[in-house]
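Peer 1: The following block contains the structure, expressed as C-alpha cells.
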Amino acid sequence: MTDDSKPLITPLVDAREIHLIVLTGLSGGGKTVALRALEDLEFYCVDNLPSALLPELVNAVIQGNGGMHRRIAVGVDVRNRGTDFAQMPKVLSDLAAAGVQVQLVFLDCRDEVLIKRYSESRRRHPLAMRGVSLADAIAEERRLLRPLMAIAEKVIDSSELNVHQLRRLIATGYARATEGLTLMFQSFAFRRGLPLDADFVFDARCLPNPHWHPHLRPLSGKDAPVRDFLDIEPLVGEYFTDTARWLDAWLPRFEQDDRSYMTIAIGCTGGRHRSVYLVEKLATHFRAQRDGVLTFHRELE
Numbered sequence: 019m020t021d022d023s024k025p026l027i028t029p030l031v032d033a034r035e036i037h038l039i040v041l042t043g044l045s046g047g048g049k050t051v052a053l054r055a056l057e058d059l060e061f062y063c064v065d066n067l068p069s070a071l072l073p074e075l076v077n078a079v080i081q082g083n084g085g086m087h088r089r090i091a092v093g094v095d096v097r098n099r100g101t102d103f104a105q106m107p108k109v110l111s112d113l114a115a116a117g118v119q120v121q122l123v124f125l126d127c128r129d130e131v132l133i134k135r136y137s138e139s140r141r142r143h144p145l146a147m148r149g150v151s152l153a154d155a156i157a158e159e160r161r162l163l164r165p166l167m168a169i170a171e172k173v174i175d176s177s178e179l180n181v182h183q184l185r186r187l188i189a190t191g192y193a194r195a196t197e198g199l200t201l202m203f204q205s206f207a208f209r210r211g212l213p214l215d216a217d218f219v220f221d222a223r224c225l226p227n228p229h230w231h232p233h234l235r236p237l238s239g240k241d242a243p244v245r246d247f248l249d250i251e252p253l254v255g256e257y258f259t260d261t262a263r264w265l266d267a268w269l270p271r272f273e274q275d276d277r278s279y280m281t282i283a284i285g286c287t288g289g290r291h292r293s294v295y296l297v298e299k300l301a302t303h304f305r306a307q308r309d310g311v312l313t314f315h316r317e318l319e
C-alpha cells in the first residue's frame, strides 16, 4: 500500500484474478507491435502511462465494468518525460503485494539494429533533440531504462525478429495458455510475396476489387465505404461463408493434434481492400467462439 489509510487496490473481484503486463523497452524495439498483439488477445491496453497512475488504472478498469477486464497491458517508455523509472519497481511491488499478477516485459534491441530501423523509417527518436545524435539518444534511453531492465521477468531481444515473428512470440506467450489454438488472421499482397509463416493461404483475387473505384482506392478494407461495397457483393459473401465453414470444420482437428498457434493468410493483389475485409470479418466470426484471435495487416503496417 502507498498510504496506510487507503488500500492500493479496491477491486470488485479478487485481485489475484487480475493479470497486469507492463511493457517497456527501447524505442524502436517493438513495444507498439507487442501491445497491439496483446490488444488482439483481449487485454485492456493503455500506452505511454506514467508509473504512478498504474494503481489508479487497475482500480478504474476493474470497478468500471464489474471486473470484466481481468487482463491489462500497459506501455511505459521515455516519451513521458514525467515518468520516474526509479519508482516503477516499488509501484509494481505494491501491486503484487495487493494480489495482482504482475509481469514486467522488457523489449531490447541492439544499437546498430535500432539505428537501421530509425534510418529506414525516418522516425525521430523521442530523446533525439537538436545537437543530440541518434546513438547518444539510444545510450541515454538505455541509462534511463536500466532500473526496469534489471527487474524485468522477461527480456525479449527483437534484433533478429521481424514484425510477424514478434507478434507470433507475444501471441504464443500470452494467449490463454490453454485454452486452445491461437489464430492469426493475416492479410497480404500477392505482389509482395507470400507470408513465410502462413499455415493456410486463401486467394481473394477472384473477388470484385474496390481498387477500380476511385473513391474507394485510398481506403482500406477496415473503412466503412469499402465494407459496404463488399458486403453487398454475392460472390464475396459466398467466399466468406465457404472459408469460414471450412475453417470451422478443420481447426478443431488441429487443436486435437495439440497445435497451439496457426496463421491463416488471406491475399489479394494490393493487400489493402479484399484481404483486409475478409481478415476482419473472419476474426469477428471466430472471436464469437474462442479466445486468442489475432489480426495483422501486412501492407497497412
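Each number in this note's numbering comes from the position in the sequence shown (counting from 1) with 18 added on. Glycine is no exception: its CB is placed at the ideal position from the N, C-alpha and C atoms.
Ignore the nearest five residues each way along the sequence and tell me which others in PHE304's own chain have a CB closer than 7 Å to its CB.
Peer 2: The sequence position of residue 304 within the sequence shown is 286, counting from 1. Only LEU201 and VAL311 meet the Cβ criterion.
Peer 1: Since HIS182 is in the alpha helix (DSSP H), which residue starts that stretch and which ends it?
Peer 2: In the sequence shown, residue 182 corresponds to position 164, counting from 1. First-last of the alpha helix (DSSP H) with HIS182: 181 to 192.
Peer 1: Since ASP175 sits in a beta bridge, which residues does DSSP pair it with?
Peer 2: Your numbering for residue 175 matches position 157 in the sequence shown. Note: ASP175 sits in a beta bridge opposite ASP126.
Peer 1: Just verifying my parser: in three-state terms, what is the DSSP assignment at ASP112?
Peer 2: Within the sequence shown, residue 112 is the residue found at index 94, counting from 1. Here ASP112 sits in helix by DSSP.
Peer 1: Would you list the one or two residues that DSSP bridges to ALA207?
Peer 2: Sequence index remark: in the sequence shown, residue 207 carries index 189 (1-based). The partner list for ALA207 (beta bridge, DSSP) reads CYS286.
Peer 1: Apply the 10 Å Cβ neighbour rule to MET147 and answer buried if 16 or more other Cβ atoms are within range, or exposed otherwise.
Peer 2: In the sequence shown, the residue the question calls residue 147 occupies position 129. Label assigned to MET147: exposed.
Peer 1: May I ask you to report which of helix, strand or coil DSSP gives GLY310?
Peer 2: Translated into the one-based positions of the sequence shown, residue 310 becomes position 292. Three-state result, GLY310: coil.
Peer 1: Is the stretch 184 to 194 in contact with the stretch 242 to 250, if contact means three or more CB pairs nearer than 8 Å?
Peer 2: Too few Cβ pairs lie closer than 8 Å, so no.
Peer 1: Please report the straight-line C-alpha distance between GLY288 and GLU74, rounded to a whole angstrom.
Peer 2: Counting from one through the sequence shown, the residue named residue 288 turns up at place 270. Counting from one through the sequence shown, the residue named residue 74 turns up at place 56. So the alpha carbons of these two residues sit roughly 44 Å apart.
Peer 1: LEU290 and PHE206 look like a contact to me (Cβ under 8 Å); what is the Cβ gap, rounded to whole Å?
Peer 2: Taking the first residue of the sequence shown as 1, we reach residue 290 at position 272. Taking the first residue of the sequence shown as 1, we reach residue 206 at position 188. Rather than Leu, the amino acid found at residue 290 in this sequence is Arg. Their Cβ separation, rounded to whole angstroms, is 10 Å, which puts ARG290 and PHE206 out of contact at 8 Å.
Peer 1: By DSSP, does PHE218 sit in helix, in strand, or in coil?
Peer 2: Your numbering for residue 218 matches position 200 in the sequence shown. Three-state result, PHE218: strand.
Peer 1: Helix, strand or coil for ARG89 per DSSP?
Peer 2: Counted from its first residue, the sequence shown places residue 89 at position 71. Strand at ARG89.
Peer 1: Can you tell which of GLN119, TYR136, LEU59 and CYS286 has its C-alpha closest to the C-alpha of PHE208?
Peer 2: Translated into positions along the sequence shown, residue 208 becomes position 190. The shortest C-alpha separation from PHE208 is found at CYS286.
Peer 1: Indicate whether PRO107 and ILE169 have their beta-carbon atoms separated by less than 8 Å.
Peer 2: As a first step, residue 107 must be located in the sequence shown, where it is residue number 89. As a first step, residue 169 must be located in the sequence shown, where it is residue number 151. Contact flag set, yes.
Peer 1: If I measure Cβ to Cβ from ASP221 and keep anything under 7 Å in the same chain, skipping five residues before and after, which residues do I get?
Peer 2: Translated into the one-based positions of the sequence shown, residue 221 becomes position 203. Taken in chain order, the residues that qualify are GLY285.
Peer 1: So, do the stretch 173 to 181 and the stretch 108 to 120 have three or more beta carbon pairs nearer to each other than 8 Å?
Peer 2: Short answer: they don't touch.
Peer 1: Determine the closest residue to THR281 out of GLU138, GLY48, ARG142 and LEU199, with distance taken between C-alpha atoms.
Peer 2: Taking the sequence shown and counting its residues from 1, the one referred to as residue 281 is at position 263. Comparing Cα positions, the closest option is LEU199.
Peer 1: Closest to ASP129 by CA distance: which of ALA306, GLY46 and ILE36 is it?
Peer 2: Stepping through the sequence shown from its first residue, residue 129 is reached at position 111. Ranking ALA306, GLY46 and ILE36 by Cα distance to ASP129 puts GLY46 first.
Peer 1: In terms of residue numbering, what span does the beta strand (DSSP E) encompassing GLY381 cover?
Peer 2: No answer is possible for residue 381: the residues shown for the chain start at 19 and end at 319.
Peer 1: List, from N- to C-terminal side, the alpha helix (DSSP H) runs of 4 residues or more that fit wholly inside the stretch 213 to 281.
Peer 2: Taking only runs of at least 4 residues, the alpha helix (DSSP H) segments lying wholly in the stretch 213 to 281 are 242 to 249 and 252 to 274.
Peer 1: Classify MET147 as helix, strand or coil using the three-state DSSP reduction.
Peer 2: Here residue 147 refers to the residue found at position 129 of the sequence shown. Of the three classes helix, strand and coil, the one that applies to MET147 here is coil, per DSSP.
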